[in-house]
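Trainee: Handing you this structure, nothing more for now.
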Amino acid sequence: MSTILNNYEAILYNKRNMDELDWSFYENGAFLKEYFADFILDTTSYMKNVETEVFFVALGRKLLPCTVNDDTYNNSYVCSPYTHYITYAKEELRFVSPKPLRFLLEAIINSFGSFAKLVEINKIVYINNYCLSTNLISPLSNEEVHALKELLIERFPKYQLGFRSINEICHKDMMKSFETEGYNLLPSRYIYISTNKRLNTPTKGERKKRRQDEKCITKDMRIVTNKEILPEDIERIVELYNQLYIEKYSDLNPQFTYKFIEKLLDQDLFIFQGVKINGKLEAISGTFVVNNMMTNPIYGYNLSLFPQFQLYRILRHLNTKLALDNNCLYHQSAGAGHFKKARSGEGTPEYTALYVNHLPFSKKSFWKLLSFLLKKIGIPLVEKLEL
Numbered sequence: 007m008s009t010i011l012n013n014y015e016a017i018l019y020n021k022r023n024m025d026e027l028d029w030s031f032y033e034n035g036a037f038l039k040e041y042f043a044d045f046i047l048d049t050t051s052y053m054k055n056v057e058t059e060v061f062f063v064a065l066g067r068k069l070l071p072c073t074v075n076d077d078t079y080n081n082s083y084v085c086s087p088y089t090h091y092i093t094y095a096k097e098e099l100r101f102v103s104p105k106p107l108r109f110l111l112e113a114i115i116n117s118f119g120s121f122a123k124l125v126e127i128n129k130i131v132y133i134n135n136y137c138l139s140t141n142l143i144s145p146l147s148n149e150e151v152h153a154l155k156e157l158l159i160e161r162f163p164k165y166q167l168g169f170r171s172i173n174e175i176c177h178k179d180m181m182k183s184f185e186t187e188g189y190n191l192l193p194s195r196y197i198y199i200s201t202n203k204r205l206n207t208p209t210k211g212e213r214k215k216r217r218q219d220e221k222c223i224t225k226d227m228r229i230v231t232n233k234e235i236l237p238e239d240i241e242r243i244v245e246l247y248n249q250l251y252i253e254k255y256s257d258l259n260p261q262f263t264y265k266f267i268e269k270l271l272d273q274d275l276f277i278f279q280g281v282k283i284n285g286k287l288e289a290i291s292g293t294f295v296v297n298n299m300m301t302n303p304i305y306g307y308n309l310s311l312f313p314q315f316q317l318y319r320i321l322r323h324l325n326t327k328l329a330l331d332n333n334c335l336y337h338q339s340a341g342a343g344h345f346k347k348a349r350s351g352e353g354t355p356e357y358t359a360l361y362v363n364h365l366p367f368s369k370k371s372f373w374k375l376l377s378f379l380l381k382k383i384g385i386p387l388v389e390k391l392e393l
């Protein structure tokens, strides 16, 4: 399944020809092989609310994981535009006041929800999708963006094409390539990023915050990393993540399983840092690193211990230090904007780069209108509320 496009041989690997894939040839092949093993066969065994089909596209020595979906509307937003822009948006309205504005926005979202299903919003191929809240994307050239688009239009002529987790700080040149190729940049959320430069040149106030965060580590705490995390701690990691991201925030976030966390630890695919108090794991972060960029898809702590123990601040301190020690850009994802800005975080909109020019007029019109509303209402609102 290969196509020659502008001197690039774009090859598609799926379940039918996966045995032909030479993982060792590709720059990140070893990581992808371990990360997606079994996940390819049954995504729900790793993430309970992520039902999708995984395939790969090879460009030169780059290998990109992709997902394809049709009409599963109860999926996590990591592979469902409907969940992202309709279901999740309605949940976020709880932060909006006054009530009349909230009711107006809910009515608009409900109307769009009905239309969204009619235009098959979930019929989509997501490119470079690890099914995490934040996908870290290695830079692609103009030619590579073009080759990907042409191959996927040929293989999936009725599907939307999308790149999640695009932002101007990390992907300025790629955003120009997307514009050239006819992609629409659709606002998705407001995020905070600490570049390596900003981390290494903190203001006086930021240095003070860092010292305060470090002092939150008390004598009865023990910091643990991958090799010090025991098999019996894995269930606790799932519990702590669920307590924060599923129970406190939303069950639309990816719901990781014991099997997934076990694999990440066994294969050292993520960098784990935890806090044990009196021998019990009470806080954890799992860090995903790609090309000197890092983010924490796994994050959790015992909420009942606040304010006695400042576990959130301790995890941020540990990960800021991790970024500094490894010269990494630190993608801090969304939320807690005031806190992150006080610690070298720069706020910026995040986008989904979406290609729909090959689709019928009704579908193109839907996305054009949704993009307009998000840019005029959605992003200004989350900036104001620092969501």
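Here the sequence shown stands for residues 7 to 393, numbered as in our numbering.
In this text, a Cβ means the ideal position worked out from N, Cα and C, and glycines have one as well.
The model shown is predicted, which means the values in this text are computed figures rather than measured ones.
(1) Roughly how many angstroms lie between the CA atoms of residue 330 and residue 209, to the nearest whole one?
(2) When you compare the CB positions of residue 360 and residue 168, do they come within less than 8 Å of one another, or not?
(3) Just how far apart, CA to CA, sit residue 88 and residue 273?
(4) Terminal residues of the continuous beta strand (DSSP E) containing residue 378?
(5) Using a 10 Å radius around the Cβ and a threshold of 16 neighbouring Cβ atoms, would you call residue 231 buried or exposed?
(6) Based on the DSSP output, what are the partners of residue 352 in its beta bridges?
(7) Can you have a look at residue 2 and say buried or exposed, based on whether 16 or more other CB atoms are within 10 angstroms of its CB?
(8) Kindly indicate which three-state DSSP category residue 225 falls into: helix, strand or coil?
(9) Within the region 63-117, note down every full alpha helix (DSSP H) run reaching 4 residues or more, in order along the chain.
(10) Can you tell me the Cβ-Cβ gap for residue 139 and residue 291, rounded? I've got them flagged as a contact below 8 Å.
(11) Could you check whether residue 287 and residue 226 sit closer than 8 Å to each other, using their CB atoms as the reference points?
(12) If you run the structure through DSSP and keep just helix, strand and coil, what is residue 295?
(13) Please determine if the region 189-208 and the region 237-257 are in contact, where contact requires at least 3 C-beta pairs separated by less than 8 Å.
(14) Under three-state DSSP, which class holds residue 275?
(15) With which residues is residue 56 paired in a DSSP beta bridge?
(16) Mark residue 163 as exposed unless 16 or more other C-beta atoms lie within 10 angstroms of its C-beta, in which case mark it buried.
(17) Measure the Cβ-Cβ separation of residue 142 and residue 63 and say whether it is below 8 Å.
(18) Quick one, which of 118, 182 and 132 has its alpha-carbon nearest residue 147's?
(19) DSSP has residue 261 in a bridge; who is on the other side?
(20) So what's residue 316 in DSSP terms, helix, strand or just coil?
(21) Under a Cβ-count criterion, where at least 16 other Cβ atoms within 10 Å of its own Cβ denotes burial, should residue 289 be classed as buried or exposed?
(22) Any idea what DSSP makes of residue 364, helix, strand or coil?
(23) Can you round the beta-carbon distance between residue 395 and residue 127 to whole angstroms, since I take them to be within the 8 Å contact cut?
(24) Please indicate yes or no: does the CB of residue 364 lie closer than 7 Å to some heavy atom of the ligand ATP?
(25) Bridge partners for residue 193 per DSSP, in chain order?
(26) At what residues does the beta strand (DSSP E) containing residue 130 begin and finish?
(27) Kindly list the residues whose CB is nearer than 7 Å to the CB of residue 235, restricted to its own chain and excluding five residues on each side of it in sequence; keep chain order.
(28) Verify whether the separation of the beta carbon atoms of residue 54 and residue 261 is less than 8 Å.
Mentor: The short version:
(1) 15 Å
(2) yes
(3) Between the alpha carbons of residue 88 and residue 273 lies a distance of about 33 Å.
(4) Segment 367-379 is the alpha helix (DSSP H) holding residue 378; no beta strand (DSSP E) there.
(5) Exposed is the call here.
(6) Beta-bridge pairing links residue 352 to 199.
(7) Outside the displayed range of the chain (7 to 393) lies residue 2, so it cannot be described from this structure.
(8) It is coil, neither helix nor strand.
(9) 94-98
(10) For residue 139 against residue 291, the beta-carbon gap comes to about 13 Å, at or over 8 Å, which does not count as contact.
(11) No, the Cβ-Cβ distance between residue 226 and residue 287 is not below 8 Å.
(12) strand
(13) Segments in contact, no.
(14) Looking at residue 275 - three-state DSSP - the assignment turns out to be coil, as it is neither helix nor strand.
(15) Per DSSP, none; premise fails for residue 56.
(16) Burial call: exposed.
(17) No, they are not a contact pair.
(18) In this structure, 182 is the residue among 118, 182 and 132 with its C-alpha nearest to the C-alpha of residue 147.
(19) Bridge partners of residue 261: none, in fact.
(20) coil
(21) buried
(22) coil
(23) One cannot answer for residue 395 here, as it falls past the ends of the chain, which runs 7 to 393.
(24) No copy of the ligand ATP occurs in the structure displayed, which carries no ligand at all.
(25) DSSP, once it has assigned bridges, lists 357 as partnering residue 193.
(26) 130-133
(27) 271, 278 and 280
(28) yes
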